[in-house]
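Here is the structure we will look at, set down as structure tokens.
Residue numbers (the working numbering): 2 to 107.
Listed below in structure tokens is the structure:
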């Protein structure tokens with residue numbers, strides 16, 4: 002009888018896909034908070050772009066490599082930040098849009 006461990010398959014690796022997130026925030030400080038939340042959890046980005054949206058607001062667009070469940074969790078975490086005005090997620094089987102005056106769709 003062999004005592005060698007059987008290889009495990011990473012659930013994340015088996016179900017990871019790319020999703021595009023678009024986050025609108027109130028100001029530059031809020032932009033920094035969003036980036037801190039995302040980098041603090043070691044999320045994998047394939048693209049990250051920030052642009053001024055006018056009126057002091059900023060829009061952060063990023064491609065996130067994660068499972069649909071992880072993407073939903075990221076969106077919920079971001080939406081909890083008081084300075085986040087909206088979060089839109091596109092790229093998985095279900096499209097999630099949340100924001101001021103909006104509800105989750107799916």
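The beta-carbon is built from N, C-alpha and C at its ideal position, and this holds for glycine as well.
Note that this is a predicted model, so its numbers are computed, not measured.
**Request:** Leaving out five residues on either side along the sequence, give the residues of the same chain with a beta carbon under 6 Å from the beta carbon of residue 45.
**Result:** The count along the chain shown starts at 1 and reaches residue 45 at position 44. Here the set comprises 66.
**Message:** Would residue 1 and residue 49 be called neighbours here (beta carbons separated by less than 7 Å)?
**Reply:** No statement about residue 1 is possible, as the shown extent of the chain runs from 2 to 107 and does not include it.
**Prompt:** Taking residue 47 as the reference, which of 60, 26, 22 and 58 has the closest Cα?
**Reply:** Counting from one through the chain shown, the residue named residue 47 turns up at place 46. Among 60, 26, 22 and 58, the Cα nearest to that of residue 47 is on 22.
**Request:** Can you give me the start and stop residues for the alpha helix (DSSP H) that residue 39 sits inside?
**Result:** In the chain shown, residue 39 corresponds to position 38, counting from 1. Unbroken alpha helix (DSSP H) run through residue 39: 29-41.
**Asked** DSSP on residue 82, reduced to helix/strand/coil?
**Response** Residue mapping note: residue 82 aligns to position 81 of the chain shown, counting from 1. Residue 82 falls in the coil class under three-state DSSP.
**Message:** Residues in the same chain with beta-carbon distance under 6 Å from residue 91, minus the five sequence neighbours each way, listed in chain order, please.
**Reply:** Against the chain shown, residue 91 aligns to sequence position 90. Taken in chain order, the residues that qualify are 21.
**Item:** Selected residue, minimal CA-CA separation from residue 29, among 39, 72, 19 and 53
**Value:** The residue you call residue 29 lines up with position 28 of the chain shown. Checking every option, the nearest Cα to that of residue 29 belongs to 53.
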